[in-house]
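Protein chains in written order, with the working numbering: chain E, 1 to 272; chain V, 1001 to 1384.
We treat Cβ as the ideally placed atom computed from N, Cα and C, and that holds for glycine.
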Ligand SMILES: Nc1ncnc2c1ncn2[C@@H]1O[C@H](COP(=O)(O)OP(=O)(O)OP(=O)(O)O)[C@@H](O)[C@H]1O
Ligand SMILES: [Mg+2]
């Protein structure tokens, strides 16, 4: 089975008004992804509201990481991937001819599932995004680095060792460093792939606070295996299952009144 | 738990926990391996021991810092040490950027594309070419083709007999004119003796004629030797760089791309810095290899004797001046020195000491470079 890439450069109807476009700030349309011959995503479609948190839940291997990697087009770096369907941000296709990948990835920040700090100092890790976008001014860099590390609840632990290698940090610290690094470039959309997987409850709590705070200004997609966390922090929840989107609704509805049997079983721990 | 331990698993567990007796063939194999290893180590010790023992006494400041003298029977090997050093230095200056660019192109740009397959084929085939063939190539391509053509186009040095005739024909009027002038001058100065007069005229004409026989590039030279060696070690640099680049995990690249880096930024700020120790290791191994080769430079500028380093006019910086190596001169080399002293010298027995001393210096040089490579790699693996 093969699906040709169909980045439909459809004529985008002008948003009827600010509100309408906010409702469908980020739209995923019939997204299908193949890794070589195996299909990982099947025709996934949903809309996300601006300045909301969408929790992506589902069993391991169901395609959550694949989905969010498609949204900042990092997925294309993996050889042999084929992407069908479309993703629109503010009614504009991210696959469009005129889209600048650099700007897209700066606007759509990502925190990866496995912490991937650069083998550079803590400071240089956080400052990296700004530096590649041409910011050289020292005071600005200092200020942003401190701000980002504080946001990611890491500042107090590292403020005296900013010049030491990021690889010497613990796994959980590295995870927060990667969050800080993503925040430093001031994205509009933040994709977070299990940002708390290696964190203790206190650090997790801080990241949850961070997410709730950030949604004032950012649109956030967060993958999580922790149902309580999803219930606490998200406005919407989407359940994925074997590469398909099973249910997508307001979080209260998904958790109190799931429409699908699979959802009910999954969130009550009867499967997955 | 018991439902998981079927009969197959139980028997496997028994086998694993049981102490097994080694069969006879395994013991035999083990002793052969030990014997061969021992023999190899013994040979190495014998070799190193001989070189150290017989060459060690030779190493004096004079030996290291002076040129050979008294018909190469005394003095030192300073020009050979320096010649080896500089030819290898020029070699790596040429091979490293070229190899790194090639590898970066193959890994980062043309993944599995036509161009990268061509480079790969070239690398594989280059690695299998006997080194004397590189020497012939260096002579044929660099000296005779590139060098002669440079001389022709810059200085008008003729390349073929045809061109010699042509130039002579072109210069004939000039020569005749100069001859006339010379004769007039000779008359003026009352030079009447026929032999004296002829000599005077000849000298005058030679002075007036433009020099056409000056070869600058079209002869064996350190630069061409370095270029030949660079081609020889290029595959090492490319393969080492490639491995180092591939060892950079995709997740690190993704992190950089995810922050909006361009491909070039990812390469320059993340991939190359992380690959640097691996690239350096490759470079040092290439240097060690290049320093140990003789055949490739045999026809390309290495020489039996130069009194010192081939130097250009020193660059004057007011307070002090820097001597500059002229890469377009012939040079001495440790490997060639050993070879000529042992086979071409009129007294190969009497100069044994020099031969062993030179060998020791060469081995020590190579050893130091390999040690550097090992230390770099260790630092690298500790970090990664
Ligand atoms: N690079 C790849 N090449 C081939 N198949 C892949 C690749 N990455 C993911 N897959 C497959 O795609 C499917 C979805 O993977 P994905 O990583 O998106 O799952 P996930 O929902 O993020 O799982 P987890 O919760 O364990 O992180 C899996 O079946 C996986 O084996
Ligand atoms: Mg995942």
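Residue 32(E) is not a Cβ neighbour of residue 80(E), given a cutoff of 8 Å. About 7 Å separates the beta carbons of residue 130(E) and residue 185(E), which is inside the 8 Å limit, making them a contact pair. A Cβ closer than 5 Å to some heavy atom of ligand 2 marks a residue here, and those residues are 65(E) and 113(E).
For residue 1083(V), the number of other beta carbons within 10 angstroms of its own is at least 16, and it is reported as buried.
In this structure, the CA atom of residue 116(E) is about 23 Å from the CA atom of residue 229(E). Relative to ligand 1, the nearest heavy atom lies less than 7 Å away from the CB of residue 60(E). Beta-bridge partners assigned by DSSP to residue 220(E): 53(E) and 190(E).
Among the residues facing chain E, residue 1247(V) is not included, as its CB has no counterpart in that chain under 8 Å away.
Inclusion of residue 1081(V) and residue 1280(V) in the CB contact set at 8 Å is not warranted, their separation being larger than that value. Selection 141(E), 187(E) and 179(E) evaluated against residue 208(E) yields 179(E) as nearest (Cα-Cα).
Cβ neighbours of residue 188(E) within its own chain (closer than 6 Å, five residues either side excluded): 107. Non-local C-beta neighbours of residue 1274(V) in its own chain, meaning closer than 6 Å and more than five positions away in sequence, comprise 1248, ordered along the chain.
Under the Cβ criterion of 8 Å, residue 132(E) is counted among the residues facing chain V.
A residue is called buried once 16 or more other Cβ atoms fall within 10 Å of its Cβ, and residue 1337(V) is buried on that count. Between residue 119(E) and residue 170(E), the CB-CB gap reaches or exceeds 8 Å.
Ranked by Cα distance from residue 176(E), the first of 102(E), 266(E) and 114(E) is 114(E). One finds nothing in chain E with a Cβ atom closer than 9 Å to the Cβ of residue 1011(V); even the nearest lies about 33 Å away.
Contacts between residue 1344(V) and chain E, judged by CB atoms closer than 8 Å, are missing: the closest CB pair is about 53 Å apart. With a cutoff of 7 Å, residue 238(E) does not count as near ligand 1, since its C-beta is closer than that to no heavy atom of the ligand. Think of a sphere of 9 Å around the beta carbon of residue 106(E): the chain V residues whose beta carbon falls inside it are 1259 and 1260, in chain order. Residue pairing from DSSP places residue 83(E) in a beta bridge opposite 33(E).
With a cut-off of 7 Å, the C-beta of residue 38(E) is classified as near ligand 1, since at least one heavy atom of the ligand falls inside that distance.
Rounded to whole angstroms, the gap between the alpha carbons of residue 1206(V) and residue 1176(V) is 12 Å. Ligand 1 has no heavy atom closer than 7 Å to the beta-carbon of residue 1340(V). In its chain, beyond the 5 residues on either side, 47 have a beta carbon closer than 6 Å to the beta carbon of residue 24(E). Annotation note: the stretch 1235-1262 of chain V contains the following uninterrupted alpha helix (DSSP H) runs of length 4 or greater, listed N- to C-terminal: 1250-1258. If you draw a straight line from the Cα of residue 1034(V) to the Cα of residue 1048(V), it is about 21 Å long. Closer than 8 Å to the CB of residue 1253(V) there is at least one CB belonging to chain E.
Listed in chain order, the non-local C-beta contacts of residue 1179(V) below 7 Å within the same chain comprise 1201 and 1205, local neighbours out to five positions each way being set aside. Counted as a single uninterrupted DSSP element, the alpha helix (DSSP H) harbouring residue 1171(V) occupies residues 1161-1188. Residue 75(E) is not a Cβ neighbour of residue 44(E), given a cutoff of 8 Å. Within the stretch 66-77 of chain E, the residues whose Cβ lies closer than 8 Å to some Cβ of chain V are 72, 74 and 77, listed in chain order. In the structure shown, the three-state DSSP call for residue 236(E) is strand. Between residue 1369(V) and residue 1297(V), the C-beta spacing is not below 8 Å.
CA-to-CA, the gap between residue 1137(V) and residue 1209(V) works out to about 35 Å.
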